[in-house]
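Visitor: Structure in structure tokens, see below.
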Amino acid sequence: MNIDLHGIIPPIVTPLKNENEIDEQGLKQLIEHIVAGGVHGIFLLGTTGEATSLSYQVRKEFIEKACLIINNRVPVVVGITDTSVRGSLEMAAVAKKSGADALVISTPYYLPMSQQEFVNYLNYLTPKLPLPFLLYNMPGCTKMHMSVETVKAAYQLGAIGIKDSSGDMGYLYALQEAFKNNPDFSVICGTELFLPESVTFGGKGAVPGGANIFPKIFVNLYEAAVNNDLNKISKLREIVIQIEKKIYNIGKDNSKYIKSIKCALSVIGICDDFVAQPFERFEKKECDLLRTNLHELIETYPEIKAEFNTLKTT
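Note that the sequence shown covers residues 328 to 641 in my numbering.
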């Protein structure tokens with residue numbers, strides 16, 4: 328199966344009403360919002376999607392409902408990382424049945440794993456997968472930073488790409504150099520500010536959580552990088568810096584990134600801001616600050632204001 332993984336592939340949040348119920352209307356509005364923004368794909372059940380906090384049943388329902396709404400308009404990749412091989416394979420089967428295009432695999436979390444142990448794990452897991460797969464390098468959550476040699480081994484097993492969220496620019500460049508002669512392998516960055524440099528030196532795109540809220544901003548930044556439009560890159564990079572400062576950095580807990588995206592989506596009327604346990608949504612003080620900051624961004628930057636012309640902020 329040939330899948331052209333490139334451009335902006337948002338790791339969408341999982342809109343929830345409570346621990347066991349998906350916010351279906353919110354999910355539909357979110358998908359329509361980001362598809363209208365021109366994204367090139369959608370990533371379900373990533374870190375931003377709170378995958379590890381959701382029950383298997385909620386994950387399955389989310390995959391099914393999201394794929395039905397997306398309806399093949401853009402490629403869909405589904406995270407199946409789990410501490411249990413059986414759990415991963417269950418999610419893979421649901422993804423295949425629901426019409427997803429590829430799977431995303433990271434290192435099983437909790438117990439630290441060596442590079443060779445991960446390669447052994449892939450040797451066991453990948454022949455059982457019903458869809459193509461790409462890697463997800465997230466050492467901050469999994470305790471293992473995939474070496475370039477490990478990624479090469481995964482490529483030999485059929486990996487079609489990697490999302491790198493290590494935040495290590497040197498490593499990202501090393502990946503791009505290693506696979507520069509392999510057009511069938513996509514190196515995609517997870518760090519939003521790395522997008523222009525990544526694309527300039529051979530990367531295929533980005534998986535930015537901020538594209539849940541501002542899809543057109545990130546699509547435009549990607550296109551500016553492809554076209555080497557330095558003036559536009561500079562202007563849009565400044566907006567992305569301000570988004571990080573004004574939206575992502577509210578609150579003091581490590582979970583603030585997910586909370587802030589969900590809160591912003593609730594402010595613009597997309598979906599509920601419920602956050603799955605063991606975390607909780609922002610308190611009123613934090614939400615009020617985010618609302619103020621979001622309105623300030625909208626009024627300061629015409630590019631953001633244009634994105635929200637059809638949305639009602641609260």
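From the three backbone atoms N, C-alpha and C, an ideal C-beta is built for every residue, glycine too. Since we're looking at a predicted model, the values are computed, not measured.
Would you mind giving the Cβ-Cβ distance between Ile390 and Ala422, rounded to the nearest angstrom? I have them listed as a contact below 8 Å.
Guide: So it is a contact: roughly 6 Å between Cβ atoms.
Visitor: For Pro439, tell me which candidate among Leu372, Gly467 and Glu630 has the shortest Cα-Cα distance.
Guide: With distances taken between Cα atoms, Pro439 lies closest to Gly467.
Visitor: Excluding the 5 residues preceding and the 5 following Asn450 in the sequence, name in chain order all residues of the same chain whose CB lies nearer than 8 Å to its CB.
Guide: Excluding sequence neighbours, Asn450 sits near Leu484.
Visitor: Give me the Cα-Cα distance between Asp556 and Leu499, rounded to the nearest whole angstrom.
Guide: Taking the straight line joining both Cα atoms gives about 22 Å.
Visitor: Determine, using beta-carbon pairs with one atom in the region 362-373 and one in the region 385-402, whether at least three such pairs fall under 8 Å.
Guide: Contact between the region 362-373 and the region 385-402 is present, because at least three Cβ pairs lie under 8 Å.
Visitor: Rounded C-beta distance between Pro542 and Val366? I'm assuming under 8 Å.
Guide: Their Cβ separation, rounded to whole angstroms, is 5 Å, which keeps Pro542 and Val366 in contact under 8 Å.
Visitor: Per DSSP, what kind of secondary structure is Cys516 in: helix, strand or coil?
Guide: Reduced to three states, the DSSP call for Cys516 is strand.
Visitor: So which of Tyr575, Asn554, Ile335 and Glu346 has the shortest CA-CA distance to Asp599?
Guide: When only C-alpha atoms are compared, the closest one is Glu346.
Visitor: Is any heavy atom in the ligand MG found nearer than 7 Å to the beta carbon of Leu438?
Guide: As for the ligand MG, it is missing from this structure, which has no ligand bound.
Visitor: Can you list, in chain order, the residues of its chain with a C-beta nearer than 8 Å to that of Leu462? Leave out the 5 residues immediately preceding and following it.
Guide: Within the same chain, Leu462 has close Cβ partners Val431, Ile432, Ser433, Met473, Val478, Ala481, Ala486, Gly488, Ile489 and Lys490.
Visitor: Measure the alpha-carbon distance for Ala427 versus Pro523 and round it to whole angstroms.
Guide: So the two alpha carbons sit approximately 28 Å from each other.
Visitor: Mapping the DSSP letters down to three states, classify Tyr463 as helix, strand or coil.
Guide: Strand.
Visitor: The beta strand (DSSP E) spanning Gly478 covers which residue range?
Guide: Here residue 478 is Val; the residue named in the question, Gly, does not match the sequence. Looking at the DSSP string, Val478 is not in any beta strand (DSSP E); the run it does join, the alpha helix (DSSP H), is Val475 to Gln483.
Visitor: Which same chain residues, not among the five before or five after Lys392, have their C-beta less than 7 Å away from its C-beta?
Guide: Result list for Lys392: Ile349, Glu351 and Leu354, in chain order.
Visitor: Helix, strand or coil: how does DSSP classify Leu616 here?
Guide: Helix.
Visitor: Could you tell me if Gln384 is buried or exposed, where buried requires 16 or more neighbouring beta carbons within 10 angstroms of its beta carbon?
Guide: So Gln384 counts as exposed.
Visitor: If Lys339 and Pro459 are in contact, beta carbons under 8 Å, what's the gap, nearest whole angstrom?
Guide: Note on residue identity: the sequence assigns Ile, not Lys, to residue 339. Rounded, the Cβ-Cβ distance is 20 Å, inconsistent with contact.
Visitor: For a quick check, are the C-beta atoms of Ile515 and Leu332 less than 8 Å apart?
Guide: Yes; because the gap between Cβ atoms is below 8 Å, this pair is in contact.
Visitor: Mind checking whether Gly578 and Phe609 have CB atoms under 8 Å apart?
Guide: Going by C-beta atoms, Gly578 is nearer than 8 Å to Phe609.
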